[in-house]
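As structure tokens, the structure follows; a few thoughts come after it.
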Amino acid sequence: MAQPSSRQGLIDYAKRQLGFPVLEINVADEQFSDLLDDAVQVYQERHYDGITRMYLKYKITQDDIDRGQARGGDTTLGITTTTATSTVGLSTTFDLEENSNYIQMPPSVIGVNQIFKIRSDTVYDGLFNIRYQLFLNDLYAFGSVDLLQYSMVQTYLEDISFLLNPDMRYRFNIRQDRLYIDTDFDVLNVNDFFVIDCFRILDPDDFTRVYNDPFLKRYFTALCKKQWGMNLIKFQGVQLPGGIQLNGRQIYDDGVRELDEIRAKMATDYEMPPLDMIG
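Straight run, no breaks: the sequence shown in the working numbering ends on number 284.
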């Protein structure tokens with residue numbers, strides 16, 4: 006079937022593209038499985054259709070607050086100590102403490118854009134906040150409100166809120182699955198929420214149309230061709246009955262060339278452009 010919807014379907018598709026069943030494809034089933042895993046990983050980490058933007062909600066627990074408030078010394082909950090030794094001159098030992106102010110993230114999350122903070126300022130909080138008062142005073146003459154002035158006031162209030170309560174700082178690494186939150190945990194309350202703006206990979210076992218993606222099919226087939234040629238290189242020059250010689254080097258070179266072309270097209274057509282540092 007030209008529209009694979011499963012792992013085995015995509016493997017069979019790649020075999021047919023390489024000449025099966027007319028030709029014998031000298032690649033083991035285990036190699037096909039490994040190559041498919043590699044192709045899916047590249048698709049999920051670099052192709053813009055391999056991820057989806059989502060918002061995760063996390064409820065804050067007392068353990069999170071206790072770990073975030075830990076300062077070392079007598080309060081050692083969540084503190085990790087690393088020892089370093091200097092051997093230059095006199096032997097000196099240094100104890101470095103690290104806070105465990107993180108929450109564990111699902112392995113499917115590959116990037117975090119922002120953590121929406123819990124507002125705790127007089128500009129936005131409470132029934133009688135500044136925005137409420139401004140709107141209440143103009144409500145009875147709402148038809149005569151100058152929208153330009155109203156918009157400028159709202160922008161000014163946003164600037165005040167940003168300066169007094171800046172966005173929550175965080176650290177995240179895709180290989181660590183930990184979201185470190187660098188904030189004052191003293192102002193957080195149990196059962197409050199973090200709303201995490203992040204990117205999550207598409208699992209092809211749940212969303213089977215991934216296996217029919219044109220890029221993934223071409224990339225996986227090229228990987229299989231390269232592996233096929235690599236397996237046959239050791240038989241280079243061996244003559245088969247009838248005078249036929251296997252040319253594994255040519256198959257390998259063709260696979261490498263196709264992979265280079267696909268990766269170049271990925272950078273221009275299928276990959277999100279890198280953003281400049283602003284600010």
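Even glycine gets a Cβ: it sits at the ideal position worked out from N, Cα and C. All values derive from a computational prediction rather than experimental measurement.
Residue environment, residue i, which counts as buried when at least 16 other CB atoms sit within 10 Å
{"i": "Leu225", "result": "Note on residue identity: the sequence assigns Phe, not Leu, to residue 225. With 16 or more Cβ atoms within 10 Å of its Cβ, Phe225 is classed as buried."}
{"i": "Gln232", "result": "buried"}
{"i": "Lys1", "result": "Residue coverage of the chain in this structure runs from 6 to 284, which leaves residue 1 outside it and unanswerable."}
{"i": "Leu41", "result": "buried"}
{"i": "Phe25", "result": "exposed"}
{"i": "Tyr216", "result": "buried"}
{"i": "Ala7", "result": "exposed"}
{"i": "Pro246", "result": "exposed"}
{"i": "Met157", "result": "exposed"}
{"i": "Ala44", "result": "buried"}
{"i": "Ile249", "result": "exposed"}
{"i": "Asp218", "result": "buried"}
{"i": "Pro209", "result": "buried"}
Contact check, residue i vs residue j, beta carbons under 7 Å
{"i": "Cys229", "j": "Val114", "result": "no"}
{"i": "Leu237", "j": "Asn31", "result": "yes"}
{"i": "Phe190", "j": "Ile70", "result": "yes"}
{"i": "Phe220", "j": "Tyr275", "result": "yes"}
{"i": "Gly260", "j": "Gly242", "result": "no"}
{"i": "Ile267", "j": "Arg214", "result": "no"}
{"i": "Asp164", "j": "Arg174", "result": "no"}
{"i": "Arg205", "j": "Met59", "result": "yes"}
{"i": "Ile256", "j": "Ile201", "result": "no"}
{"i": "Ile117", "j": "Phe177", "result": "As written in the sequence, residue 117 is Val, which differs from the Ile given in the question. Cβ distance < 7 Å, so Val117 and Phe177 count as in contact."}
{"i": "Gln74", "j": "Val195", "result": "no"}
{"i": "Gly55", "j": "Gln49", "result": "yes"}
{"i": "Leu264", "j": "Ala227", "result": "yes"}
{"i": "Phe198", "j": "Lys62", "result": "yes"}
{"i": "Arg72", "j": "Ser105", "result": "yes"}
Integer-rounded CB distance, given that residue j should sit under 8 Å from residue i
{"i": "Asp172", "j": "Lys122", "result": "7 Å"}
{"i": "Tyr53", "j": "Met271", "result": "Actually they do not touch by this definition, with Cβ atoms about 10 Å apart."}
{"i": "Thr57", "j": "Leu207", "result": "6 Å"}
Closer than 7 Å to chain D by CB, residue i
{"i": "Asp208", "result": "Among the chains in the structure shown there is no chain D, since it carries only a single protein chain."}
Is there contact between the region 175-184 and the region 6-19, where contact requires at least three CB pairs shorter than 8 Å?
The answer is no - the region 6-19 does not touch the region 175-184, with fewer than three Cβ pairs under 8 Å.
Complete runs of the beta strand (DSSP E) confined to the region 167-218 [at least 3 residues]:
Entirely contained in the region 167-218, the beta strand (DSSP E) runs reaching 3 residues are, in chain order, 174-178, 183-187 and 198-206.
Scan the region 236-271 and note each continuous beta strand (DSSP E) run of 3 residues or more that stays entirely inside, going in chain order.
Whole beta strand (DSSP E) segments, 3+ residues: zero.
Uninterrupted beta strand (DSSP E) stretches inside the region 8-75 (no shorter than 3 residues):
List check, beta strand (DSSP E) in window: 56-64.
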